[in-house]
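All remarks here apply to the structure that follows.
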Amino acid sequence: MMVLLLTASASAQTPAPQNAAPAGNAENGKRLFTSYYCYACHGTVGQGGSAGARIAPRPIAYAALLRYVRKPAGGMPPYTSKVIADQELADIYAFLRSLPPTPSAQSIPLLNQ
Amino acid sequence: MEQRTVGRRDFLKTAAASTAAVVSAPAAAAAAQEQTPRNGTAPVVSRDAETGRTPVIEAITTERPGSDFMVDVLKSLNFEYVFSNPANTFRSLHESLINYGGNKAPEFITCNHEEIAGAMAHGYGKIEGRPGLVIVHGTVGTMHASMAVYDAFCDRVPMFLILGNHLDAAERRSVVTWAHSVQDAAAILRDFVKWDDTPASLHHFAESAARAYKIATTPPMMPVALVADADLQERPCPKDETLRVLKVPAIAAPQGDSGAIAETARLLVAAEHPVLVADRLARTPAGLTHFIGLAELLQASVVDQKNRMNFPTRHPLNQTERERAVLSEADVIVGFEVTDFAAVRSSKPNAKRISITANDLFSRSNYQEFQRYAEVDLAMAADAETTLPALIEAVKRLITDDRRRYFQDRGATLAKAQQEALQQAREAASYGWDASPISTARLSAELWSQVRNEDWSLVADVVFVSNWPLRLWSMDKHYHYIGGPGGYGVGYGLPAAVGAALANRRHGRLSINIQNDGDLMFAPGALWTAAHYRIPLLTIMHNNRAYHQEVMEVQKMALQHGRNATRAHIGNKLEDPPIDYAKLAQSLGVHGEGPISDPRELGPAIKRAIELVKRGEPALVDVLTQPR
Numbered sequence: 004m005m006v007l008l009l010t011a012s013a014s015a016q017t018p019a020p021q022n023a024a025p026a027g028n029a030e031n032g033k034r035l036f037t038s039y040y041c042y043a044c045h046g047t048v049g050q051g052g053s054a055g056a057r058i059a060p061r062p063i064a065y066a067a068l069l070r071y072v073r074k075p076a077g078g079m080p081p082y083t084s085k086v087i088a089d090q091e092l093a094d095i096y097a098f099l100r101s102l103p104p105t106p107s108a109q110s111i112p113l114l115n116q
Numbered sequence: 073m074e075q076r077t078v079g080r081r082d083f084l085k086t087a088a089a090s091t092a093a094v095v096s097a098p099a100a101a102a103a104a105q106e107q108t109p110r111n112g113t114a115p116v117v118s119r120d121a122e123t124g125r126t127p128v129i130e131a132i133t134t135e136r137p138g139s140d141f142m143v144d145v146l147k148s149l150n151f152e153y154v155f156s157n158p159a160n161t162f163r164s165l166h167e168s169l170i171n172y173g174g175n176k177a178p179e180f181i182t183c184n185h186e187e188i189a190g191a192m193a194h195g196y197g198k199i200e201g202r203p204g205l206v207i208v209h210g211t212v213g214t215m216h217a218s219m220a221v222y223d224a225f226c227d228r229v230p231m232f233l234i235l236g237n238h239l240d241a242a243e244r245r246s247v248v249t250w251a252h253s254v255q256d257a258a259a260i261l262r263d264f265v266k267w268d269d270t271p272a273s274l275h276h277f278a279e280s281a282a283r284a285y286k287i288a289t290t291p292p293m294m295p296v297a298l299v300a301d302a303d304l305q306e307r308p309c310p311k312d313e314t315l316r317v318l319k320v321p322a323i324a325a326p327q328g329d330s331g332a333i334a335e336t337a338r339l340l341v342a343a344e345h346p347v348l349v350a351d352r353l354a355r356t357p358a359g360l361t362h363f364i365g366l367a368e369l370l371q372a373s374v375v376d377q378k379n380r381m382n383f384p385t386r387h388p389l390n391q392t393e394r395e396r397a398v399l400s401e402a403d404v405i406v407g408f409e410v411t412d413f414a415a416v417r418s419s420k421p422n423a424k425r426i427s428i429t430a431n432d433l434f435s436r437s438n439y440q441e442f443q444r445y446a447e448v449d450l451a452m453a454a455d456a457e458t459t460l461p462a463l464i465e466a467v468k469r470l471i472t473d474d475r476r477r478y479f480q481d482r483g484a485t486l487a488k489a490q491q492e493a494l495q496q497a498r499e500a501a502s503y504g505w506d507a508s509p510i511s512t513a514r515l516s517a518e519l520w521s522q523v524r525n526e527d528w529s530l531v532a533d534v535v536f537v538s539n540w541p542l543r544l545w546s547m548d549k550h551y552h553y554i555g556g557p558g559g560y561g562v563g564y565g566l567p568a569a570v571g572a573a574l575a576n577r578r579h580g581r582l583s584i585n586i587q588n589d590g591d592l593m594f595a596p597g598a599l600w601t602a603a604h605y606r607i608p609l610l611t612i613m614h615n616n617r618a619y620h621q622e623v624m625e626v627q628k629m630a631l632q633h634g635r636n637a638t639r640a641h642i643g644n645k646l647e648d649p650p651i652d653y654a655k656l657a658q659s660l661g662v663h664g665e666g667p668i669s670d671p672r673e674l675g676p677a678i679k680r681a682i683e684l685v686k687r688g689e690p691a692l693v694d695v696l697t698q699p700r
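Read top to bottom, the protein sequences are chains A and B.
For what it's worth, our numbering labels the leading residue of the first sequence as 4, then goes sequentially.
For what it's worth, our numbering labels the leading residue of the second sequence as 73, then goes sequentially.
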């Protein structure tokens, strides 16, 4: 059900989801995701890697994301409201939610060798 | 043709070779006087002229220069290749290598930069397990080579360097020769070579060469440097002296103290959750075999820090993917040649920590590559690979039937966890599978699919592709992976891969290089060397178009300083203009294809490149990739 919800939310203007994220502009979020270098650690589609955790598709709840971005643990630096406004984070969150689900590893022959 | 004459090069400087004449010592001094520079500074007089030494029989044409004997010495050390960029401070040795030595064992490998020469020897050394020979200018060439030497030093890889020089001022021919002369040629390397010397005679050269080789190949293995003065190279071999090439022994590496081995075995057998951590353990195939043997005997967790191919990636006891989990509950941790053992910790306060490393046998002071001080309960100053057989025997003696049954249960649990971890890695790799730029996981999986049925050797550091090959590929041979640069100097990647591929060539292995774009731009000339010597090497570009590590670092600073967080690309991007690596490769004689941004096109491109590599050529596929 969550996957369907996320897939359906790929429009540019994303309505507030059940986890109380403010409405966000996914297109602007994609632009911000690049300009703030979120992609440098998390990948252009939030897939994660050795430098940053996977954050999409199906991101964590907005409130938890906001908390973490403002006061992160581990190697991630803090993105304060002085640097990224709440609305910009909402746009980034809308972008992350707009990303389509990925195929399972079992369905990818190259990942079963 | 021998005549009584002045020093050979004095003669060449003052007269045409066809007018050779017999002159006395005073005449030689006069000849030197004639060379007084126009600016009126004092003349530089050669040693023979200055001392009025009785003229010796010398030659206008020297049938046996000192450099011929140096070649005899180098041949006795069984060097296959000499990695070098030509320079006049070793012109005589160069000529002796190609003519007197027949350009075989060692064969001259032309490198377009001395850092390439050093890094090629580094990569070669890790595949072959013995030093590569590098010859460079004693000044500018050594400066260029120094980064590669430091990498090899940190990576505990032996390397045999020869530095040309003109120590005798009277022998310097030009303003350039003066600029390329130095009092102490090895000084610039002294902080990161294990030993160096400046031989004053050919006998001294022979002795120091044997000593240097012995020192370099005794663990901890490191680079060594010998200065070969041009005068020594170019003067005839003395006729009144019997020069001898000295024997280099087989090296018995230092094994751990028997009491310490017994105590380590006791702790390991009694432990509930022992963890074996390896970093630069397996110097040879035997290291890999013995380490598997110890782990299986104990059914203990293994964490492989992978600066060598220490343990099969899909072995049931390989818990590297679960490093935090197994270390947190560890009651005994044994580190085998672990560089930063201070960072390997259990959450149990009473956990016993034992280190076995040859690093405890030799240290330099200036450069801080020795890492944080590691608090351990027992430090065994010994070569870990050499110590393993004795440790295995000690463990065998202590295992009871009860413990064996316990170990079997522990092994079954670990095997299950390892399978789950592999599946989790595959799941993680599926995210961003169809992304463009191409994910580094997809790149690694596509590559694995093409090479897994070949006899392959991954000759690249993979930390910048999120270590995906280590997580997804099945590696179980000692040449399947050779670790990283050691000193983290950018510019190691391509030349080290070419050097390793050269070593792999005679074994018929398919060498694979996953090449960071920023690294390639430090030393792209290594592609020409690969093409020129027909070195089969598959290079897959990890073209993320930036120094992304530094993007993250600068971004962190901008955020820490509360400033504009959208400018970290400045100074770090490699985009305007985009670098066309396929064309770059083609211009250097290497098959180049790409850039490829559609993941569906990657597999076929890799396949085409492999077909060329299997025919004995280098090939490069440029892939536009995600940052990590």
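We treat Cβ as the ideally placed atom computed from N, Cα and C, and that holds for glycine.
request  = Could you give the DSSP three-state label for E401(B): helix, strand or coil?
outcome  = Translated into positions along the second sequence, residue 401(B) becomes position 329. Secondary structure at E401(B): coil, using DSSP grouped into helix, strand and coil.
- [ ] Verify the CB distance criterion: does R100(A) have a CB-CB separation below 8 Å to chain B?
- [x] The sequence position of residue 100(A) within the first sequence is 97, counting from 1. Closer than 8 Å: no.
TODO: Could you tell me whether the Cβ of V623(B) comes closer than 8 Å to any Cβ of chain A?
DONE: Reading the second sequence from its first residue, position 551 is the one you call residue 623(B). Interface with chain A (8 Å Cβ-Cβ cutoff): V623(B) is included.
Alpha-carbon spacing of Q490(B) relative to L574(B), whole angstroms:
Counting from one through the second sequence, the residue named residue 490(B) turns up at place 418. Counting from one through the second sequence, the residue named residue 574(B) turns up at place 502. In this structure, the CA atom of Q490(B) is about 35 Å from the CA atom of L574(B).
Check your understanding: Closer than 8 Å, CB to CB, is K628(B) near chain D or not?
Key -> Absent from the structure: chain D. Protein chains present are A and B.
Quiz prompt | Same chain, Cβ closer than 6 Å to L369(B), neighbours up to 5 away in sequence not counted | solution = Start at 1 with the first residue of the second sequence, and residue 369(B) comes out as number 297. Only V467 meet the Cβ criterion.
Review point. Should L92(A) be flagged as near chain B, meaning a C-beta pair shorter than 8 Å?
Key: Translated into positions along the first sequence, residue 92(A) becomes position 89. By this cut-off, L92(A) is not an interface position.
**Message:** According to DSSP, is F707(B) part of a helix, a strand, or is it coil?
**Reply:** Lying before the first or after the last residue shown, residue 707(B) is absent from chain B, which here runs from 73 to 700.
Quiz item: Can you tell which of G504(B), P649(B) and A532(B) has its C-alpha closest to the C-alpha of D670(B)?
Solution: Walking along the second sequence from the start, residue 670(B) turns up at place 598. Nearest option by C-alpha distance: G504(B).
Sub-8 Å separation of V349(B) and V265(B) beta-carbons: Working through the second sequence from its first residue, we reach residue 349(B) at position 277. Working through the second sequence from its first residue, we reach residue 265(B) at position 193. No. Outside cutoff.
Should R498(B) be flagged as near chain A, meaning a C-beta pair shorter than 8 Å?
Counting from 1 along the second sequence, the entry for residue 498(B) is found at position 426. By this cut-off, R498(B) is an interface position.
Does the segment 69-76 of chain A come close enough to the segment 616-624 of chain B that 3 or more CB-CB pairs lie under 8 Å? Between the segment 616-624 of chain B and the segment 69-76 of chain A there are fewer than three inter-stretch CB-CB distances shorter than 8 Å, so the stretches are not counted as touching.
What is the DSSP secondary structure of Y439(B), counted as helix, strand or coil? Taking the second sequence and counting its residues from 1, the one referred to as residue 439(B) is at position 367. In the three-state reduction of the DSSP assignment, Y439(B) falls in the coil class, being assigned neither a helical nor a strand state.
Q. Can you name the residues of chain A whose CB is closer than 7 Å to the CB of E518(B)?
A. Translated into positions along the second sequence, residue 518(B) becomes position 446. The contacting residues are L113.
| K85(A) versus chain B: which residues are under 7 Å apart at the beta carbon? | Here residue 85(A) refers to the residue found at position 82 when the first sequence is read from its first residue. Correct list: G634.
- Message: For a contact defined as C-beta to C-beta under 7 Å, what are the partners of A54(A) on chain B?
- Response: Translated into the one-based positions of the first sequence, residue 54(A) becomes position 51. Correct list: M624 and R700.
Opposing strand residues paired with E665(B) [DSSP bridges]: Along the second sequence, read from residue 1 onward, the residue named residue 665(B) stands at position 593. V693(B).
What is the C-beta distance between A302(B) and N237(B), in whole angstroms, given that I count them as a contact (C-beta under 8 Å)? Start at 1 with the first residue of the second sequence, and residue 302(B) comes out as number 230. Start at 1 with the first residue of the second sequence, and residue 237(B) comes out as number 165. With a Cβ gap of about 7 Å, A302(B) and N237(B) count as contacting.
Residue range of the alpha helix (DSSP H) that includes T385(B) = For this step, residue 385(B) is matched to residue 313 along the second sequence. Element bounds for T385(B): n/a, residue is neither H nor E.
With a CB to CB cut of under 6 Å and the five nearest residues on each side skipped, what residues in its chain are close to A282(B)?
-> Working through the second sequence from its first residue, we reach residue 282(B) at position 210. If you ignore the 5 residues before and after A282(B), its C-beta comes within less than 6 Å of the C-beta of L318 and V320, all in its own chain and listed in chain order.
inquiry  = Assuming the contact rule is C-beta atoms closer than 8 Å, L389(B) and G483(B) should be a hit. Round their C-beta distance to whole Å, please.
reply    = In the second sequence, residue 389(B) corresponds to position 317, counting from 1. In the second sequence, residue 483(B) corresponds to position 411, counting from 1. Approximately 7 Å separates the beta-carbon atoms of L389(B) and G483(B); this is inside 8 Å, confirming the contact.
Buried/exposed call for V247(B), threshold 16 Cβ in 10 Å
Within the second sequence, numbered from 1, the residue matching residue 247(B) stands at position 175. Per the 10 Å Cβ criterion, exposed.
Anyone know if the C-beta pair for G565(B) and L592(B) falls short of 8 Å? Walking along the second sequence from the start, residue 565(B) turns up at place 493. Walking along the second sequence from the start, residue 592(B) turns up at place 520. Going by C-beta atoms, G565(B) is nearer than 8 Å to L592(B).
Next item on the list: Write down the C-beta distance between H276(B) and L315(B) rounded to the nearest angstrom, noting that I regard them as a contact closer than 8 Å.
Entry: Within the second sequence, residue 276(B) is the residue found at index 204, counting from 1. Within the second sequence, residue 315(B) is the residue found at index 243, counting from 1. That belief does not hold up - the Cβ atoms of H276(B) and L315(B) are roughly 11 Å apart, past 8 Å.
Alpha-carbon spacing of M5(A) relative to R61(A), whole angstroms: Taking the first residue of the first sequence as 1, we reach residue 5(A) at position 2. Taking the first residue of the first sequence as 1, we reach residue 61(A) at position 58. Residue confidence for M5(A) is low, a pLDDT of 33 falling below 50, so the modelled location carries little weight and cannot support an answer.
Runs of alpha helix (DSSP H) wholly within the segment 437-482 of chain B (minimum 4 residues, chain order): Considered as a whole, the segment 437-482 of chain B harbours 456-470 as its complete alpha helix (DSSP H) runs of no fewer than 4 residues, in chain order.
Check: Can you list the alpha helix (DSSP H) stretches of 4 or more residues lying completely in the segment 144-172 of chain B, in chain order?
Finding: The segment 144-172 of chain B contains these whole alpha helix (DSSP H) runs: 163-167.
Exercise. From this set, P104(A), Q116(A), A24(A) and G55(A), which residue's C-alpha is nearest P75(A)'s C-alpha?
Worked result: Here residue 75(A) corresponds to residue number 72 of the first sequence, with the count starting at 1. Out of P104(A), Q116(A), A24(A) and G55(A), G55(A) has the C-alpha closest to the C-alpha of P75(A).
Item to check | Closest residue to V662(B) among H633(B), W600(B), A677(B) and M219(B) (Cα-Cα distance) | outcome: Counted from its first residue, the second sequence places residue 662(B) at position 590. If we check each option's Cα against that of V662(B), W600(B) comes out closest.
Worksheet entry | Beta-carbon proximity list for S739(B), same chain, < 7 Å, skipping 5 on both sides | Because chain B is modelled from 73 through 700, residue 739(B) falls outside the range shown and cannot be assessed.
Less than 8 Å between CB atoms is the rule here; does T512(B) satisfy it with respect to chain A?
Position 440 of the second sequence holds residue 512(B). So yes, T512(B) belongs to the interface.
Margin query: Residues of chain B with CB closer than 7 Å to the CB of V48(A), please, in chain order.
Written below: Stepping through the first sequence from its first residue, residue 48(A) is reached at position 45. What V48(A) touches in chain B: G504 and A507.
*Measure from the C-beta of G77(A) to each C-beta in chain B and report whether the shortest distance is under 8 Å.*
Numbered from its first residue, the first sequence carries residue 77(A) at position 74. Closer than 8 Å to the CB of G77(A) there is not a single CB belonging to chain B.
Discussion item. Mapping the DSSP letters down to three states, classify F180(B) as helix, strand or coil.
Written reply: Locating residue 180(B) in the second sequence gives position 108, counting from the first residue. F180(B) sits in a strand when the DSSP states are folded into three classes.
Using only the alpha-carbon positions, how far apart do L99(A) and S38(A) sit? Position 96 of the first sequence, counted from the start, is the residue given in the question as residue 99(A). Position 35 of the first sequence, counted from the start, is the residue given in the question as residue 38(A). Approximately 15 Å between the Cα atoms of the pair.
Q. In terms of residue numbering, what span does the beta strand (DSSP E) encompassing F232(B) cover?
A. Within the second sequence, the letter at position 160 stands for residue 232(B). Run containing F232(B): M231 to N237, per the beta strand (DSSP E) assignment.
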